[in-house]
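Quick note: the sequence shown, position 10, residue 502 per the numbering used here, numbers continuous.
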Amino acid sequence: MVLNVVKLFILRAGRNSCLLNEFLDNNLIAIAFSQTGDLSGLDLDDINYSMMINYGVRKYSKIINRFVNEISLGDYVIVYDSENRIYHLARIASDYFYSESELLSDSEFKHFRKVEWICEFFRDDLSTRSRRSLTVPWFCAEIKSPVKDEIFDLF
493 MVLNVVKLFI
503 LRAGRNSCLL
513 NEFLDNNLIA
523 IAFSQTGDLS
533 GLDLDDINYS
543 MMINYGVRKY
553 SKIINRFVNE
563 ISLGDYVIVY
573 DSENRIYHLA
583 RIASDYFYSE
593 SELLSDSEFK
603 HFRKVEWICE
613 FFRDDLSTRS
623 RRSLTVPWFC
633 AEIKSPVKDE
643 IFDLF
């Protein structure tokens, strides 16, 4: 694996990790904002427009664009289990897709990517600096070095 090419993202599994078990059981990750409809082939400007029309705000457009257009096959994602203080690491196994089917219990989550779960690690396995940097307010963010390197060094 060439770490400077592979990207690592952190994604929330709903509020208080409420969708984590469904993510794990179904080998997928997802984000909300279902009213935008399918965003396949849309760029940031189009996503901005869709967010304004459907939600009256654009403030999450860059984060949604990250999930739709910046995450690639072979990249990695960690999802945090806040109750047990464990991160789950997965490799992205599909392109972005939108589904009207009820793949998750929360019907607002319609934007998906399939993943292959690889392993898990405790939050306390990371340095204090890395733990602090992973406390992001957004539901999808890229993790850069040196935090990315520290996470991959665990394996």
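The beta carbon of each residue, even a glycine, is placed where N, CA and C say it ideally should be. As the structure is a computational prediction, the values presented were derived from the model and not from experiment.
Inter-residue Cα distance where the pair is residue i and residue j
i: N513; j: Y572; result: 11 Å
i: S561; j: N540; result: For clarity, residue 561 is Asn in the given sequence; the question names Ser instead. Computed Cα separation, rounded: 13 Å.
i: L581; j: A524; result: 21 Å
i: S637; j: I610; result: 20 Å
i: S591; j: D530; result: 8 Å
i: I599; j: S526; result: Per the sequence presented here, residue 599 reads as Ser, with Ile not at that position. Cα-Cα distance, rounded: 8 Å.
i: L516; j: Y568; result: 15 Å
i: I556; j: D641; result: 25 Å
i: S542; j: G533; result: 13 Å
i: I643; j: R621; result: 12 Å
i: S619; j: A505; result: 23 Å
i: V498; j: I584; result: 11 Å
i: L646; j: I545; result: 44 Å
i: Y588; j: D537; result: 18 Å
i: R577; j: S586; result: 27 Å
Counterpart residues of residue i in DSSP-defined beta bridges
i: K606; result: L520
i: F589; result: F604
i: D573; result: I578
i: Y568; result: L500 and R583
i: I635; result: L500
Residues near residue i by beta carbon distance below 7 Å, same chain, minus five either side
i: S574; result: N508 and S509
Cβ shell of residue i (< 8 Å), same chain only, five flanking positions each side left out
i: F501; result: R558, I563, D567, Y568, V569, I570, C632, A633, E634 and I635
i: N518; result: L595 and L596
i: L511; result: A505, A522, L596, S597, D598 and F601
Own chain residues within Cβ distance below 6 Å of residue i, not counting five before or after
i: Y665; result: Look at the range of the chain in this structure, 493 to 647, and you will see that residue 665 is not part of it.
i: F466; result: No information on residue 466 is available, as it lies outside the stretch 493 to 647 that the chain covers here.
i: T528; result: S542 and N546
i: V639; result: S622 and S625
Cβ-heavy atom distance, residue i to the ligand ZN, below 7 Å
i: R621; result: This structure lacks the ligand ZN; in fact it carries no ligand of any kind.
Between the segment 601-615 and the segment 547-564, do three or more beta carbon pairs fall short of 8 Å? yes
The segment 549-556 contacting the segment 614-628, beta-carbon criterion three pairs below 8 Å: no
What are the start and end residues of each continuous alpha helix (DSSP H) run of 4 or more residues lying completely inside the segment 607-633, in chain order? 620-625
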